[in-house]
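This note's numbering numbers the first residue of the sequence shown as 30 and each following residue consecutively.
Written out below as structure tokens is the structure these notes cover.
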Amino acid sequence: MKNYTDTSIIPERIADETISQVSIPVTGMTCAACAVSVESMVASTPGVIQANVNFATQTLQVTYNSEKVQVTDMQKALQSVGYDLIIDAENAQEIQEQTQQNHYRDLKRNTLLAGLLTLPVVVIGMFFMDMPYGNWIMMALSAPVLFVFGRNFFINAFKQARHGKANMDTLVALSTGTAFAFSVFNTVNPGFWHARNLHPHVYFEAAAVVIVFIMLGKLLEERAKSSTSSAIKKLIGLQPKTVWLIEGDQEREVPISIIQKGNVLLVRSGEKVPVDGEVSSGSSYVDESMISGEPVPVSKKMGDKVFAGTINQKGSFRFTAEKVGSETLLAQIIKLVQDAQGSKAPVQKLVDRIAGIFVPVVFVFALVTLVTWLVLGGDSGLSQGLLAFVTVLVIACPCALGLATPTAIMVGVGKGAEHGILIKDAESLEQAYRLNALILDKTGTITEGRPVVTDVFWVEEARPRYKELQSVLFSLEQLSEHPLAEAVARHLRDGAVPSVAIDGFDSVTGKGVKASWEGRTYLVGSPKYMAAEEISVSSDLSSLAENWAEAAKTVIYFAEDGKAVAILAIADKVKETSAKAIELLQQRGIEVYMLTGDNARTAASVARQVGIQHFQAEVMPSEKADFVKLLQSQGKVVGMVGDGINDSQALAQADVSIAMGKGSDIAIDVAKMTLITSDLQLLPKALKLSKLTVNAIRQNLFWAFIYNLVGIPIAAGVLYPFYGFLLDPMIAGAAMALSSVSVVANSLRLKAQQL
Numbered sequence: 030m031k032n033y034t035d036t037s038i039i040p041e042r043i044a045d046e047t048i049s050q051v052s053i054p055v056t057g058m059t060c061a062a063c064a065v066s067v068e069s070m071v072a073s074t075p076g077v078i079q080a081n082v083n084f085a086t087q088t089l090q091v092t093y094n095s096e097k098v099q100v101t102d103m104q105k106a107l108q109s110v111g112y113d114l115i116i117d118a119e120n121a122q123e124i125q126e127q128t129q130q131n132h133y134r135d136l137k138r139n140t141l142l143a144g145l146l147t148l149p150v151v152v153i154g155m156f157f158m159d160m161p162y163g164n165w166i167m168m169a170l171s172a173p174v175l176f177v178f179g180r181n182f183f184i185n186a187f188k189q190a191r192h193g194k195a196n197m198d199t200l201v202a203l204s205t206g207t208a209f210a211f212s213v214f215n216t217v218n219p220g221f222w223h224a225r226n227l228h229p230h231v232y233f234e235a236a237a238v239v240i241v242f243i244m245l246g247k248l249l250e251e252r253a254k255s256s257t258s259s260a261i262k263k264l265i266g267l268q269p270k271t272v273w274l275i276e277g278d279q280e281r282e283v284p285i286s287i288i289q290k291g292n293v294l295l296v297r298s299g300e301k302v303p304v305d306g307e308v309s310s311g312s313s314y315v316d317e318s319m320i321s322g323e324p325v326p327v328s329k330k331m332g333d334k335v336f337a338g339t340i341n342q343k344g345s346f347r348f349t350a351e352k353v354g355s356e357t358l359l360a361q362i363i364k365l366v367q368d369a370q371g372s373k374a375p376v377q378k379l380v381d382r383i384a385g386i387f388v389p390v391v392f393v394f395a396l397v398t399l400v401t402w403l404v405l406g407g408d409s410g411l412s413q414g415l416l417a418f419v420t421v422l423v424i425a426c427p428c429a430l431g432l433a434t435p436t437a438i439m440v441g442v443g444k445g446a447e448h449g450i451l452i453k454d455a456e457s458l459e460q461a462y463r464l465n466a467l468i469l470d471k472t473g474t475i476t477e478g479r480p481v482v483t484d485v486f487w488v489e490e491a492r493p494r495y496k497e498l499q500s501v502l503f504s505l506e507q508l509s510e511h512p513l514a515e516a517v518a519r520h521l522r523d524g525a526v527p528s529v530a531i532d533g534f535d536s537v538t539g540k541g542v543k544a545s546w547e548g549r550t551y552l553v554g555s556p557k558y559m560a561a562e563e564i565s566v567s568s569d570l571s572s573l574a575e576n577w578a579e580a581a582k583t584v585i586y587f588a589e590d591g592k593a594v595a596i597l598a599i600a601d602k603v604k605e606t607s608a609k610a611i612e613l614l615q616q617r618g619i620e621v622y623m624l625t626g627d628n629a630r631t632a633a634s635v636a637r638q639v640g641i642q643h644f645q646a647e648v649m650p651s652e653k654a655d656f657v658k659l660l661q662s663q664g665k666v667v668g669m670v671g672d673g674i675n676d677s678q679a680l681a682q683a684d685v686s687i688a689m690g691k692g693s694d695i696a697i698d699v700a701k702m703t704l705i706t707s708d709l710q711l712l713p714k715a716l717k718l719s720k721l722t723v724n725a726i727r728q729n730l731f732w733a734f735i736y737n738l739v740g741i742p743i744a745a746g747v748l749y750p751f752y753g754f755l756l757d758p759m760i761a762g763a764a765m766a767l768s769s770v771s772v773v774a775n776s777l778r779l780k781a782q783q784l
């Protein structure tokens with residue numbers, strides 16, 4: 030299936046001229062179950078060969094026979110169940126985003142207004158039930174809560190019923206609608222019950238509160254969902270919209286869309302590389318961290334490859350375009366993130382699946398209760414039967430069932446935030462405790478993520494003058510364009526080393542720098558540069574340099590008048606807490622892997638320092654995602670921890686994705702959890718929090734169902750033949766509220782747990 034990144038519908042003719050593929054934005058989807066509905070409705074349309082819905086990008090990709098079906102036919106099929114396709118629009122994606130924003134805004138407004146109207150209803154119903162015209166006031170206030178602000182519950186329930194299905198919307202609409210209708214009857218015609226020596230109870234507050242609680246849950250879910258595609262948007266934003274095209278001796282700025290293979294392009298200092306290609310002239314350093322994850326920019330000269338989305342540093346160069354559009358490495362990263370986000374099987378929420386069975390069972394049970402009372406109840410059969418019918422539906426109200434998961438999740442998320450663990454997705458919180466394989470990126474995750482000076486050694490004869498020599502070194506490195514020079518300059522700057530005015534500065538690309546001060550010549554650079562310049566290096570200095578190199582540190586020499594006077598080691602330091610965190614994870618039986626784009630020697634050194642047995646070096650972004658899939662194919666529940674754009678594909682593919690708080694915005698957007706302090710010791714805490722939260726959810730669901738299993742038969746009157754006891758609807762309403770309180774109270778226990 031071809032992936033399209035254009036905002037409009039793009040049909041593609043394939044082998045058979047009558048067969049087309051198209052990618053179309055979808056509106057109206059609010060959950061993974063909606064994606065399943067859209068997919069099944071389109072797939073069942075005659076003429077459709079294959080339909081796939083990507084919930085992450087809110088798009089439908091469909092293969093169809095254009096002689097048998099048109100896109101408008103699919104649109105009509107979806108409109109019948111409340112969804113829609115955006116067709117015949119050049120700015121389809123913009124329309125889709127605007128529609129989603131409008132939906133969230135409307136839901137937020139409706140929830141707020143419904144809450145404001147519900148508050149006085151609750152106060153009257155609980156504390157002033159006997160006030161004059163109290164029932165009429167509650168009816169007037171609760172009617173718009175149900176049928177204006179909460180009308181979607183009833184609309185969706187009706188659409189589900191038309192297709193022979195039931196979900197939480199059905200249960201919400203059925204119970205609140207019945208409670209409201211019964212309350213209206215009792216308000217308008219209280220004499221019906223007075224004549225039978227019964228009190229006409231009303232349940233306006235129960236109906237309104239249920240609507241508001243469920244709307245609040247949907248609002249929180251919608252807010253979380255609205256950011257799903259932000260990572261993809263930011264990835265797309267890495268590609269510039271215009272480029273500098275070289276034609277003869279002329280440079281002109283043109284849209285990137287017209288660039289073709291073979292075009293010669295110019296990249297200036299600080300600009301992003303627009304497409305993949307090969308450097309034809311000039312040289313520079315390019316930040317390729319989005320691909321490799323490594324913090325040190327890479328030297329680029331004639332013949333070297335450059336990639337779209339990477340960032341040029343101080344120099345400028347020309348290159349020949351080799352891959353454009355969807356062929357670039359950046360486009361492939363975008364496609365893989367989209368596929369990974371949308372490839373997870375859309376699983377309906379546990380409560381919705383249960384409600385699909387629970388709702389019809391409850392309704393049938395209530396009808397059987399009514400009929401049984403009519404047949405066996407004698408003179409009071411009708412009144413007692415109606416009371417029992419309503420009581421069953423009221424006591425079966427989904428409030429406790431609906432609160433069981435979200436209250437535990439909300440408390441768990443809050444608990445996580447207190448400890449520096451941001452959780453954006455309930456599913457990840459539920460999944461984390463099941464992890465048995467964890468993949469760690471190296472740079473910025475296990476290590477600090479930037480090169481720093483770790484060691485400095487001065488030869489004996491230079492030590493009396495080392496302060497003076499430090500100033501010369503600082504001045505040289507300040508002028509150097511080499512990425513590692515910034516680490517040296519920062520180290521000396523932090524030590525308050527002053528600079529001096531040097532002469533004859535010369536930079537040798539990729540090797541080092543040379544300058545003079547007070548008649549002496551100074552060099553800073555790599556061992557190869559020292560050898561090329563025939564610099565004298567003592568055996569002790571060479572031996573120390575070899576030891577540092579074995580520890581995966583980069584060695585820089587500083588020479589004066591043909592003799593090395595100091596060496597410096599630069600490395601991306603391992604975080605102090607990484608080894609302890611990895612040890613704790615391994616003690617939990619979790620297999621820990623390290624994947625990095627860095628070289629094998631550095632990877633081995635870091636793995637050895639933190640106690641990781643399994644690692645791979647020089648890994649490309651797509652290979653990280655492939656490794657996640659490999660572990661998943663072995664039946665493992667896989668977690669991925671990363672901090673860069675190069676980790677985004679693997680993060681999207683993993684069962685649980687965790688970003689470091691100091692990492693890239695894109696990694697944080699893709700990941701479902703973020704460790705604010707970038708401290709790996711938060712990982713074991715996150716896993717424990719997941720376990721505690723899942724236990725609370727299970728306990729909540731257990732008590733919610735026990736309540737229903739015991740309460741519904743009593744509400745139906747099963748005790749009446751033996752004890753003459755018939756549950757009053759008001760008591761049923763109180764029991765319903767008590768069950769909700771117990772669920773909330775159990776969830777709040779999480780706050781007292783230690784992580």
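The C-beta atom is built at its ideal place from N, Cα and C for all residues, glycine as well.
None of the values given here were measured: they were computed from a predicted structure.
Item, Value
"Integer-rounded CB distance, given that T207 should sit under 8 Å from V419", "6 Å"
"Range of the contiguous beta strand (DSSP E) that encloses E307", "D305 to D316"
"Nearest residue (CA-CA) to I585, options V315, V482, M623 and G740", "V482"
"Other residues of its chain near L245: CB distance less than 7 Å, five sequence neighbours each side excluded", "T140"
"Assigned exposure category for L358 - 16 Cβ within 10 Å defines buried", "buried"
"Integer Cβ distance of N724 from V772, believed to fall under 8 Å", "Actually they are not in contact, since the Cβ atoms of N724 and V772 sit about 14 Å apart, beyond 8 Å."
"Simplified DSSP state of E351, which is helix, strand or coil", "strand"
"Minimum C-alpha distance to G626 - residue among V639, G76 and Q645", "Q645"
"DSSP-derived helix/strand/coil call for Q682", "helix"
"Backbone secondary structure at E547 - three-state DSSP", "coil"
"C-beta atoms of V315 and V304 nearer than 9 Å", "no"
"Residues of its chain near A696, where Cβ-Cβ distance is below 7 Å and the 5 sequence neighbours each way are ignored", "G671, D672, G673, I674, D676, S677, L680 and A688"
"Residue from P713, Q615 and P556 whose Cα sits closest to the Cα of S572", "P556"
"Buried/exposed call for L396, threshold 16 Cβ in 10 Å", "exposed"
"Inter-residue spacing [alpha-carbon to alpha-carbon] between L779 and G441", "7 Å"
"T583 beta carbon less than 9 Å from that of A561", "no"
"Nearest-angstrom Cα separation, counted from I450 out to A437", "16 Å"
"Distance between A632 and V239 (C-alpha atoms, nearest Å)", "55 Å"
"Which listed residue (H223, A595 and M649) has its alpha carbon closest to that of P493", "A595"
"Unbroken beta strand (DSSP E) run spanning K329, endpoints", "V327 to K329"
"Straight-line Cα distance separating D655 from L721", "31 Å"
"Buried or exposed (CB count within 10 angstroms, at least 16 for buried), K714", "buried"
"Per-residue burial, E317 [other beta carbons within 10 Å of its own, 16 or more giving buried]", "buried"
"Segment contact flag, the segment 484 to 503 with the segment 650 to 665, C-beta cutoff 8 Å, min 3 pairs", "no"
"Start and end residues, alpha helix (DSSP H) containing S457", "A455 to Q460"
"Among V335, M623, A683 and S52, the one whose alpha carbon lies nearest that of T472", "M623"
"Simplified DSSP assignment, three categories, for P219", "coil"
"Status (buried if at least 16 other CB within 10 Å, exposed otherwise) for E459", "buried"
"9 Å Cβ cutoff met for V152 and A237", "no"
"Continuous alpha helix (DSSP H) stretch holding R630: start and end", "A629 to V639"
"From K97, Q342 and L114, residue whose alpha carbon lies closest to that of E68", "L114"
"Sheet register partners of R281 (DSSP bridge)", "L274"
"Selection from P173, H520 and L513 that minimises the alpha carbon distance to L145", "P173"
"Assigned secondary structure, M702 (DSSP; H/G/I helix, E/B strand, else coil)", "strand"
"E24 and A491 closer than 9 Å at C-beta", "Residue 24 lies beyond the residue range present for the chain, which begins at 30 and ends at 784; the question has no answer from this structure."
"Inter-residue spacing [alpha-carbon to alpha-carbon] between A591 and L521", "Before going further, note that residue 591 is Gly rather than Ala in the sequence given. Each residue's Cα considered, the two are about 23 Å apart."
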